[in-house]
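Residue numbers (our numbering), protein chains in the order written: chain A, 121 to 208; chain B, 1311 to 1541.
We put the CB at the ideal spot given by N, CA and C, even for glycine.
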Amino acid sequence: MPTYQAQIYVTLRPSVLDPAGTAVRSGLTHMGYSNVEQVRIGKYVEVTLTAEDEASARQQLDRICDQLLANPVIENYRFDLKAAVPAA
Amino acid sequence: MKFGVIVFPGSNCDRDVVYVTREVLQQPTRMIWHEDSDLSDIDVVVVPGGFSYGDYLRCGAIARFSPAMQATVEHANQGKPVLGICNGFQILTEVGLLPGALVRNRDLNFICDRVLLRVERTDLPWTSQYQPGQVITLPIAHGEGCYYADETTLAELEANRQIVLRYSDADGTASEASNLNGSLHNIAGICNQQGNVIGMMPHPERAADALLGGTDGLGIFESALRVAVTA
Chain A
121 MPTYQAQIYV
131 TLRPSVLDPA
141 GTAVRSGLTH
151 MGYSNVEQVR
161 IGKYVEVTLT
171 AEDEASARQQ
181 LDRICDQLLA
191 NPVIENYRFD
201 LKAAVPAA
Chain B
1311 MKFGVIVFPG
1321 SNCDRDVVYV
1331 TREVLQQPTR
1341 MIWHEDSDLS
1351 DIDVVVVPGG
1361 FSYGDYLRCG
1371 AIARFSPAMQ
1381 ATVEHANQGK
1391 PVLGICNGFQ
1401 ILTEVGLLPG
1411 ALVRNRDLNF
1421 ICDRVLLRVE
1431 RTDLPWTSQY
1441 QPGQVITLPI
1451 AHGEGCYYAD
1461 ETTLAELEAN
1471 RQIVLRYSDA
1481 DGTASEASNL
1491 NGSLHNIAGI
1501 CNQQGNVIGM
1511 MPHPERAADA
1521 LLGGTDGLGI
1531 FESALRVAVT
1541 A
């Protein structure tokens, strides 16, 4: 079975406050970046998996994200998927 | 009446709960390892505070998949009492027994303090020992205790009277000043629609022995006991 690599981005839903992002924005303001209007902090996850084909990989990743990597109550996710290059 | 206290790698309030149920209330109590899936001998399940599985990914996210939690869901679905405290509350939301989520405290601080709480429901298996509107003092100790749910869910919680505890002033006013972690609607504890599952960020087990400076939390455990005795 081919191997796929997914780059998964988990982000807070827009309606959820991000106090950590606000704190970072405050730090940036102190650095002089008064033009930074908003900072939102999320998570980045890399997953390597084998699957029959790309469609199957996407289906499994949706389940993985829905059930564990993201909490749909507070978070959204998206991912980029690519076939892993076989080792030479 | 037999209590069961789930123990995850990283739980750190499990023994405090066991002390209350076994020593203070003199009830048989079993510590349930997270890999144990048989809760058939247990009447009341307590999911204790701590940092289950290191709270990796999100608080409670990994614990949700443990055999003991799957068994706890079955226990709850049979209408039997389940109490989640702090990390236990987070786990109960992750596993879907309670709505909403607990996110980072508004001001980013880990808050370790005693807080005033208004008891909103006294008709539950967990709260019958309190008076309606009673203001109690319980310890809190959390970094991610800010209750969040979308507008629809919040409206449902209010309409169904599922909010059990709110951060309040001494006179029972759910003020912004009393809401240390920024929880929506000052929510400190909620129950499911049936009322058998309750989750709360404050620690009743740390206020159940006068030696520790307060006994306002003992009523939670005594209430559960009373249900079993009268059942």
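Checklist entry - Is residue 1463 of chain B helix, strand or coil when you go by DSSP? => result Here residue 1463 of chain B carries a helix assignment [DSSP, helix/strand/coil].
Checklist entry - Assuming residue 1312 of chain B contacts residue 1353 of chain B under a Cβ cut-off of 8 Å, what Cβ separation, rounded to an integer in Å, is found between them? => result 5 Å
Next on the checklist: Quick check on residue 1365 of chain B - is its C-beta less than 8 Å from some C-beta in chain A?
Outcome noted: Cβ-Cβ to chain A under 8 Å: no for residue 1365 of chain B.
Checklist entry - From residue 1465 of chain B to residue 1413 of chain B, what distance separates their C-alpha atoms? => result Across the structure, residue 1465 of chain B and residue 1413 of chain B are spaced so that their CA atoms are roughly 19 Å apart.
Checklist entry - What in chain A is Cβ-close to residue 1458 of chain B, meaning under 7 Å? => result Neighbours of residue 1458 of chain B on chain A, chain order: 136 and 194.
Next on the checklist: Suppose the cutoff is 8 Å on Cβ atoms and the five residues either side in sequence are ignored; what does the same chain contact list for residue 103 of chain A look like?
Outcome noted: Residue 103 of chain A lies beyond the stretch modelled for chain A, which goes from 121 to 208, so this question has no answer here.
Item to check | Closer than 8 Å at the beta carbon, the chain B residues around residue 191 of chain A | outcome: 1368, 1371, 1404 and 1411
Next on the checklist: What would DSSP say about residue 1377 of chain B, mapped onto helix, strand or coil?
Outcome noted: Assignment of residue 1377 of chain B by DSSP, reduced to helix, strand and coil, places it in the helix class.
Item to check | Candidates B:1437, B:1487, B:1451 and B:1320: closest to residue 1373 of chain B by CA position | outcome: Nearest C-alpha to residue 1373 of chain B: B:1320.
Checklist entry - Which residues in the same chain as residue 1456 of chain B place their Cβ atom closer than 7 Å to its Cβ, once the five residues preceding and following it in sequence are excluded? => result 1412, 1413, 1414, 1415, 1416, 1491, 1492 and 1493
Item to check | Close-in-space but distant-in-sequence residues of the same chain around residue 1421 of chain B (CB under 8 Å, 5 per side omitted) | outcome: 1415, 1450, 1451, 1452, 1453, 1455, 1490 and 1491
Next on the checklist: Is it the case that the segment 1327–1346 of chain B contacts the segment 1514–1534 of chain B, given that we only count it when at least three CB pairs across the two stretches are under 8 Å?
Outcome noted: yes
Checklist entry - Which residue comes first and which comes last in the alpha helix (DSSP H) that contains residue 1402 of chain B? => result 1397–1404
Checklist entry - Residue range of the alpha helix (DSSP H) that residue 142 of chain A falls in? => result Run containing residue 142 of chain A: 139–150, per the alpha helix (DSSP H) assignment.
Checklist entry - Can you tell me the Cα-Cα spacing of residue 1507 of chain B and residue 186 of chain A, whole angstroms? => result 24 Å
Checklist entry - Over what stretch of residues does the alpha helix (DSSP H) that includes residue 209 of chain A continue unbroken? => result Nothing about residue 209 of chain A can be read from this structure; chain A reaches only from 121 to 208.
Checklist entry - Helix, strand or coil for residue 1524 of chain B per DSSP? => result strand
Item to check | Reference residue 157 of chain A; option with closest CA among A:164, A:149 and A:163 | outcome: A:149
Next on the checklist: With distance defined between alpha-carbon atoms, name the residue in A:139, A:190 and A:138 nearest to residue 165 of chain A.
Outcome noted: A:190
Checklist entry - Can you name the residues of chain A whose CB is closer than 7 Å to the CB of residue 1417 of chain B? => result 139
Checklist entry - Could you give the distance in angstroms between the alpha-carbon of residue 1378 of chain B and the alpha-carbon of residue 1359 of chain B? => result 15 Å
Item to check | Within chain B, the residues that residue 143 of chain A reaches when beta carbons sit closer than 7 Å | outcome: 1418
Checklist entry - Going straight from the alpha carbon of residue 145 of chain A to that of residue 1488 of chain B, what length do you get? => result Taking the straight line from one Cα to the other gives about 26 Å.
Checklist entry - Taking the alpha-carbon positions, what's the residue 1467 of chain B to residue 1504 of chain B distance? => result 12 Å
Item to check | Where residue 187 of chain A falls: helix, strand or coil (DSSP) | outcome: Residue 187 of chain A: helix per DSSP, three-state reduction.
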